[in-house]
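Number of protein chains: 2
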Amino acid sequence: MTETFKQQLVQRITKNLLDIQILRLVQTQPLWGYNIKKQMETKFGITLRHGALYPLLNMLEQNGFLTSERQQQQGRTRKVYTITQKGRQYLEAYNAIMKEQLYK
Amino acid sequence: MTETFKQQLVQRITKNLLDIQILRLVQTQPLWGYNIKKQMETKFGITLRHGALYPLLNMLEQNGFLTSERQQQQGRTRKVYTITQKGRQYLEAYNAIMKEQLYK
DNA sequence: TGCGATATGTCCGAAAGAGGACATATAGTA
DNA sequence: TACTATATGTCCTCTTTCGGACATATCGCA
Chain A
188 MTETFKQQLV QRITKNLLDI QILRLVQTQP LWGYNIKKQM ETKFGITLRH
238 GALYPLLNML EQNGFLTSER QQQQGRTRKV YTITQKGRQY LEAYNAIMKE
288 QLYK
Chain B
188 MTETFKQQLV QRITKNLLDI QILRLVQTQP LWGYNIKKQM ETKFGITLRH
238 GALYPLLNML EQNGFLTSER QQQQGRTRKV YTITQKGRQY LEAYNAIMKE
288 QLYK
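These protein sequences, in sequence, are chains A and B.
If you're matching positions, the first sequence starts at 188 in our numbering and goes up one per residue.
If you're matching positions, the second sequence starts at 188 in our numbering and goes up one per residue.
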């Protein structure tokens, strides 16, 4: 039962706090949209619509949480995102809340 | 900056995971809707619409996360909610995710 | 050459959610 | 007696979000 709840909750959190989950992934290493989508599927079993993901990534860059750089990879263009200082601060705030939720 | 982010995030989390924050409050002691509303204001600085809160509480009871009992208090009727086993399991699942978010 | 995978983007109708009004009842206080 | 606080509930409109389609381009493989 708790396992089912967990999977349910992971989906809710990913849906509602998707920007944070993206920042968490990009924090470890620079990533591009398609890769993020694939990692979400393999790591969390969650299918992201690319029609939702790409506009969100652009928004996160516009708001200064990410920066991007276009890279050519075998003819295909990747838009590789790196987390900014502001993005890291946002994650720090998130982690602080997580701690409070656990130990208060 | 991080402080502003934190307040922003608390509001987002409360909005999107309101049922969980309610379960967290009721877990410590049985509570009624109006009291939950007041505690959210004083503890987290968040104003809940009662037009959103009461239907949610009824939904949580319907789905077996809470049980309620009507109590008379100086002529006024309070609907006091208690968390169920299922409600506790849901919170356990939530806490498990919080831990993973912090330490993975 | 046609298909699936990689890669990024927009757009629109439907469904869900938010905000605020309407509704009712009691207690206490000015 | 009128107003504020306590207490719970519904309803309707507006806004936001969601799911899926449309769009384009390259690469590798059968």
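A virtual CB, placed ideally from N, CA and C, is assigned to each residue, including glycine.
Source: prediction; values computed, not measured.
Beta-bridge annotation (DSSP): residue 270(A) is paired with 253(A). Judged by their CB atoms, residue 192(A) and residue 276(B) are nearer to each other than the 8 Å cut-off. The residues 243 and 247, in chain order, have a CB closer than 7 Å to that of residue 206(A) in the same chain once the five nearest residues on each side in sequence are set aside. Taking C-alpha positions only, residue 264(A) is separated from residue 199(A) by approximately 32 Å.
In its chain, beyond the 5 residues on either side, 271 and 273 have a beta carbon closer than 7 Å to the beta carbon of residue 251(A).
Beta-bridge annotation (DSSP): residue 218(B) is paired with 268(B). The distance from the Cβ of residue 258(A) to that of residue 267(A) is about 5 Å, consistent with a contact at the 8 Å cut-off. A direct Cα-Cα distance of roughly 44 Å separates residue 245(A) from residue 216(B).
Residue 261(B) sits in coil when the DSSP states are folded into three classes, being neither helix nor strand. In the DSSP annotation of this structure, residue 204(B) is not part of any alpha helix (DSSP H), being labelled neither H nor E. When Cβ-Cβ separations below 8 Å define contact, residue 203(A) makes contact with chain B.
DSSP places residue 230(A) in the helix class (H, G or I) of the three-state scheme. Taking 8 Å as the upper bound for CB-CB distance, residue 213(A) and residue 269(A) are in contact here, some 7 Å apart. Contact with chain B is absent for residue 218(A), since none of that chain's Cβ atoms lies less than 8 Å from the residue's Cβ. If you draw a 10 Å sphere on the C-beta of residue 253(B), you find 16 or more other C-beta atoms in it, and that means buried.
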